[in-house]
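Counting from 3, one number per residue, gives the positions in the sequence shown under my numbering.
Positions of the beta carbon are idealized from the N, C-alpha and C atoms, including for glycine.
Let me begin by presenting the structure, written as structure tokens, before commenting on it.
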Amino acid sequence: MAEMNAPGGEPILRVRGLVKYYPLTQGILFRKQVGAVKAVDGVDFDLGAGETLGIVGESGCGKSTVARMLVNLERPTAGEIRYKGEDITRLSGRALKAVRRNIQMVFQDPYTSLNPRMTVGDIIGEPYEIHPEVAPKGDRRRQVQDLLDVVGLNPEYINRYPHQFSGGQRQRIGIARGLALRPEIIVADEPVSALDVSVQAQVINLMDRLQSEFHLSYVFIAHDLSIVRHISDRVGVMYLGRIVETGRDAEIYDHPTHPYTQALLSAVPVPDPEAREHRERIILYGDVPSPAHVPSGCRFRTRCWKARERCALEVPLLAVPAEFRYESGPAAHDSACHFAEEKQVVPQEEPPAQPPAEPPEEQPEKRPGAPE
Ligand SMILES: Nc1ncnc2c1ncn2[C@@H]1O[C@H](COP(=O)(O)OP(=O)(O)OP(=O)(O)O)[C@@H](O)[C@H]1O
Ligand code: SF4
Ligand SMILES: [Mg+2]
3 MAEMNAPGGE
13 PILRVRGLVK
23 YYPLTQGILF
33 RKQVGAVKAV
43 DGVDFDLGAG
53 ETLGIVGESG
63 CGKSTVARML
73 VNLERPTAGE
83 IRYKGEDITR
93 LSGRALKAVR
103 RNIQMVFQDP
113 YTSLNPRMTV
123 GDIIGEPYEI
133 HPEVAPKGDR
143 RRQVQDLLDV
153 VGLNPEYINR
163 YPHQFSGGQR
173 QRIGIARGLA
183 LRPEIIVADE
193 PVSALDVSVQ
203 AQVINLMDRL
213 QSEFHLSYVF
223 IAHDLSIVRH
233 ISDRVGVMYL
243 GRIVETGRDA
253 EIYDHPTHPY
263 TQALLSAVPV
273 PDPEAREHRE
283 RIILYGDVPS
293 PAHVPSGCRF
303 RTRCWKARER
313 CALEVPLLAV
323 PAEFRYESGP
333 AAHDSACHFA
343 EEKQVVPQEE
353 PPAQPPAEPP
363 EEQPEKRPGA
373 PE
């Protein structure tokens, strides 16, 4: 079946048949629906407690739309999101508020997602206005200072403004805000994409540490497979509103079977020069089709070098391909391709070195006239 099974036990989050269509309308006086943007078109996955699920795909494939539905910023057109067994897409009022507290989001752009006119203390403590039960008024300042400390920022910065911080520090503030209500799940929508490469590793290391400290489960979204590699337990590769291949990280990186994943992997930066020389480059031609005009059959067929007649006629299911069904090897994972074949695109690396220790905290940028 088209699903990503969380190892062991009931998943903390179970997503089935998730769909989001945005209506396309025409006419000024009498608006008529003439089609739909199929931003998310049938997504299934499980998230196990304490697990990190990486979701990867090119721009416009529906990653942020999935994220917004998970945290209830948008209602799905169809499908279920079950949190500990309960379908949260049908909740409202107090029940919805209680669930929302447990599923928080960290946004992509730390430059625009923080209100420039609010102090860091007000930004991080804002969720307490909606959930005063988590931190009574008299205790909020201390709680915010604790959170600053937890994300590696000086608690004395509580009265400063976002522009006084570097990009990496601002994302730490975004993470502290995400943690304020002590959620169980964090949906991080490209949390490091807007940061310099050197700072990306620091923020990922921080998220890794916070995961163990606060027993968090992550849905970690990125457009590049290399970013999620060291933080994800499992990965789902998205194309045009659907997950096309899923598996444990080693299955996806070292034994991909879907042509799209293989193409994405052929483009990831490889640090080892020898491995880089031996990797196979697969060039994807053409643009991603519009989600308002999804190709028939396999939605990847207009860019797939292996496409044949069957690909235009039959939608490939996300399942373990028939030829791998009776083996337990790494190729036996879900792949939505009629002609799935194992292909090692990048020569296997040596086991990764330990991630670098977190360097000392960056100093906030001093701007003339900035408030202290
Ligand atoms: N409110 C909306 N109305 C109409 N179309 C929308 C709306 N929001 C998103 N879309 C469309 O849905 C598709 C998926 O968008 P989404 O933002 O989820 O993609 P994404 O994978 O997050 O892309 P990116 O990597 O650029 O952030 C895109 O084609 C987008 O234009
Ligand atoms: S089903 Fe056909 S078009 Fe789709 S990925 Fe497989 S080979 Fe390519
Ligand atoms: Mg996005």
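Around the C-beta of residue i, are 16 or more other C-beta atoms found within 10 angstroms, so that it is buried, or is it exposed?
i    : result
Y287 : exposed
G19  : exposed
M3   : At M3, the pLDDT of 37 sits below 50, so the modelled position is not reliable; the number obtained from the coordinates is stated separately. Exposed, because fewer than 16 other Cβ atoms sit within 10 Å of the Cβ of M3.
R244 : buried
H335 : buried
S337 : buried
L138 : Residue identity differs from the one stated: residue 138 is Pro in this sequence, not Leu. Exposed: under 16 other Cβ atoms inside 10 Å.
F32  : exposed
Q204 : buried
E88  : exposed
E324 : The sequence shown places Ala at residue 324, rather than the Glu named in the question. Answer is exposed; the Cβ neighbour count stays below 16.
D148 : exposed
Y241 : buried
E53  : buried
A265 : buried
Q28  : exposed
S292 : exposed
R369 : Confidence in R369 is poor, its pLDDT being 44 and thus under 50, which makes the residue's placement too unreliable to answer from.
I30  : exposed
Measuring only the C-alpha atoms, how far is residue i from residue j?
i    : j    : result
I57  : V246 : 11 angstroms
G50  : R16  : 9 angstroms
N207 : D274 : 21 angstroms
G140 : G170 : 30 angstroms
S61  : I285 : 17 angstroms
R281 : S228 : 15 angstroms
V221 : E135 : 26 angstroms
A8   : P78  : Interpretation of A8 is limited by its pLDDT of 48, a score under 50 that renders its predicted location unreliable; no figure is taken from the coordinates.
E367 : Q166 : Bear in mind that a pLDDT of 48 at E367, under 50, signals an unreliable position, so the number given afterwards is only what the model happens to contain. Taking the straight line from one Cα to the other gives about 5 angstroms.
V146 : I177 : 12 angstroms
E12  : E82  : 16 angstroms
L150 : Y159 : 8 angstroms
R179 : P129 : 8 angstroms
K65  : I187 : 17 angstroms
C306 : D48  : 28 angstroms
P349 : S330 : 22 angstroms
G249 : V199 : 26 angstroms
S298 : A80  : 21 angstroms
G154 : E253 : 34 angstroms
P332 : R310 : 26 angstroms
S214 : L116 : 26 angstroms
D235 : V152 : 24 angstroms
A269 : A97  : 44 angstroms
E279 : D256 : 16 angstroms
Y23  : C313 : 24 angstroms
V201 : S195 : 10 angstroms
R55  : H217 : First, the residue type needs correcting, since residue 55 is Leu and not Arg in the sequence shown. The straight-line gap from Cα to Cα measures roughly 14 angstroms.
A328 : R301 : A small correction: the amino acid at residue 328 is Tyr; Ala does not occupy that position in the sequence shown. About 27 angstroms.
C63  : I132 : 32 angstroms
R231 : A321 : 22 angstroms
K34  : P25  : 9 angstroms
L212 : A182 : 13 angstroms
A294 : T304 : 15 angstroms
Tell me the residue span of the alpha helix (DSSP H) that contains residue i.
i    : result
G169 : 169-181
Y255 : 251-256
V152 : 142-152
Q264 : 261-267
H280 : 275-280
D111 : No alpha helix (DSSP H) contains D111, which DSSP labels as neither H nor E.
R70  : 65-72
A314 : 311-315
The beta strand (DSSP E) spanning residue i covers which residue range?
i    : result
L286 : L286 -> no beta strand (DSSP E), and no H or E assigned at all.
I187 : 187-191
G2   : Residue 2 lies beyond the range of the chain shown here (3 to 374); nothing can be said about it.
R377 : Because the chain here runs from 3 to 374, residue 377 falls outside it and cannot be looked at.
F222 : 219-224
V199 : Here V199 belongs to no beta strand (DSSP E); instead the alpha helix (DSSP H) covers 199-216.
T54  : 54-58
G238 : 236-241
R84  : 80-85
V2   : Look at the range of the chain in this structure, 3 to 374, and you will see that residue 2 is not part of it.
Below 8 angstroms on the Cβ atoms is my guess for residue i versus residue j; work out the distance and round it to an integer in Å.
i    : j    : result
V68  : V45  : 6 angstroms
P164 : P193 : Incorrect: roughly 16 angstroms between the Cβ atoms, too far for contact.
M209 : I175 : M209 to I175, Cβ: 14 angstroms. No contact.
R172 : P112 : 4 angstroms
V108 : A190 : 4 angstroms
G375 : V239 : The question about residue 375 has no answer here: the residues shown for the chain are numbered 3 through 374.
D43  : V317 : Contact doesn't hold; Cβ gap of about 11 angstroms is too wide.
The segment 338-347 / the segment 254-265 touching (three or more Cβ pairs under 8 angstroms): yes
Meets three-Cβ-pair contact criterion under 8 angstroms: the segment 22-38 and the segment 90-108: no
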